[in-house]
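Heads up: the structure comes next, in structure tokens.
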Amino acid sequence: MMSLAKINMDDTIKKLYLFKLNSYSGVFTTLIFLQIISIILAFNSGEMSVGFDIFEVKINYYSASSVFVLTMLWGFITAFLLTTKGYRHADFMFVTNRLTSHLANGLFLLTMSFLGSLTASLSPFLIRVIIFIYQDEGHITEDFLMSAQAHEFIIGFAAAFLYLLVFSVLGYLFGMLIQSNKALQVIILVVFLGGLMINSGEQGMIISIINFFMMESSFVLFTLKMIVSILMIYLSTILLTNKMEVIR
């Protein structure tokens with residue numbers, strides 16, 4: 513039989529999670545705004561012209577990479593803000609310990625990573641639709657709109673979700689560490705800059721760590737690496753800050 517304490521804890525986490533979804537809905541508005549800006553920037557990705565005697569070929573490049581970059585930045589900053597004093601004061605209305613707050617925040621990070629990666633993954637299709645509507649040369653077919661296969665979209669979405677979740681839990685970890693000890697912000701900055709400069713082979717240590725994930729050719733191994741990393745980062749956050757009071 514489930515204990516009363518376990519039931520109360522589950523109920524508290526649920527209430528706090530729903531409270532965060534309702535109170536922090538503005539972060540999703542910010543997400544959409546950033547992605548709209550990124551889509552606008554995508555139309556300035558670049559172009560190339562090749563001239564021949566009787567005709568000229570003009571190639572326009574459209575990339576949604578800026579959408580993904582700004583979405584990752586949004587995830588990191590939003591997760592960091594969850595650790596600030598104002599947000600922790602709101603937690604005090606529901607929680608009695610830091611673990612409950614961590615678990616509710618974890619659910620919120622999962623939700624925002626899912627929504628952020630979904631909208632980012634759909635942005636290339638929106639770009640195609642805009643090009644299809646406003647392109648005046650008349651050389652675009654309907655097949656252009658659905659050039660990506662279903663399995664490619666699913667894999668792309670899953671990868672975007674994992675990347676965004678990694679950035680989110682990193683932002684949450686750094687935020688919690690800095691909130692527990694303000695001096696750590698200097699140490700974290702020094703470690704980050706040092707990691708960029710310290711060589712690991714032909715590249716900096718941080719670049720080598722990034723390549724460890726990005727250069728993985730097997731999607732299954734990539735997924736395992738990301739999941740293990742996410743769990744390790746979040747468990748480290750809980751263990752390192754679990755003694756921290758909800759309000760300090």
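In my numbering, the protein residues as written are 513 to 760. Backbone N, C-alpha and C fix where the C-beta goes; we use that ideal spot for every residue, glycine too.
If you measure between the beta carbons of residue i and residue j, is that distance less than 8 Å?
| i | j | result |
| --- | --- | --- |
| Ser-633 | Phe-665 | yes |
| Phe-592 | Tyr-529 | no |
| Ser-550 | Leu-582 | yes |
| Gln-691 | Thr-631 | no |
| Leu-533 | Thr-590 | no |
| Leu-676 | Gly-628 | yes |
| Phe-673 | Ser-730 | no |
| Thr-749 | Thr-612 | no |
Going straight from the alpha carbon of residue i to that of residue j, what length do you get?
| i | j | result |
| --- | --- | --- |
| Gly-650 | Thr-542 | The predicted model places Gly-650 with a pLDDT of 48, which falls under 50 and marks its position as unreliable, so this point remains unresolved. |
| Leu-747 | Ile-642 | 43 Å |
| Gly-618 | Ile-639 | 32 Å |
| Met-605 | Thr-595 | 16 Å |
| Arg-760 | Lys-597 | Only weak support exists for where Arg-760 lies, its pLDDT of 46 falling under 50; the value from the coordinates is given anyway. Approximately 8 Å between the Cα atoms of the pair. |
| Val-579 | Met-744 | 27 Å |
| Met-688 | Phe-725 | 25 Å |
| Leu-553 | Ile-544 | 14 Å |
| Ile-699 | Leu-752 | 16 Å |
| Phe-531 | Ser-537 | 10 Å |
| Val-539 | Phe-679 | 16 Å |
| Thr-735 | Ala-671 | 8 Å |
| Asn-693 | Lys-527 | 29 Å |
| His-601 | Asn-609 | 13 Å |
| Gly-668 | Met-738 | 14 Å |
| Asn-520 | Phe-686 | 29 Å |
| Asp-522 | Ile-742 | 22 Å |
Check for me: the alpha helix (DSSP H) holding residue i runs from which residue to which?
| i | result |
| --- | --- |
| Leu-594 | Careful: Leu-594 lies outside any alpha helix (DSSP H) and carries neither H nor E. |
| Asn-617 | 610-646 |
| Phe-604 | Premise fails: Phe-604 is in no alpha helix (DSSP H) and is neither H nor E. |
| Met-738 | 731-753 |
| Met-727 | No alpha helix (DSSP H) holds Met-727; DSSP gives it neither H nor E. |
| Ala-671 | 662-692 |
| Ala-554 | 538-554 |
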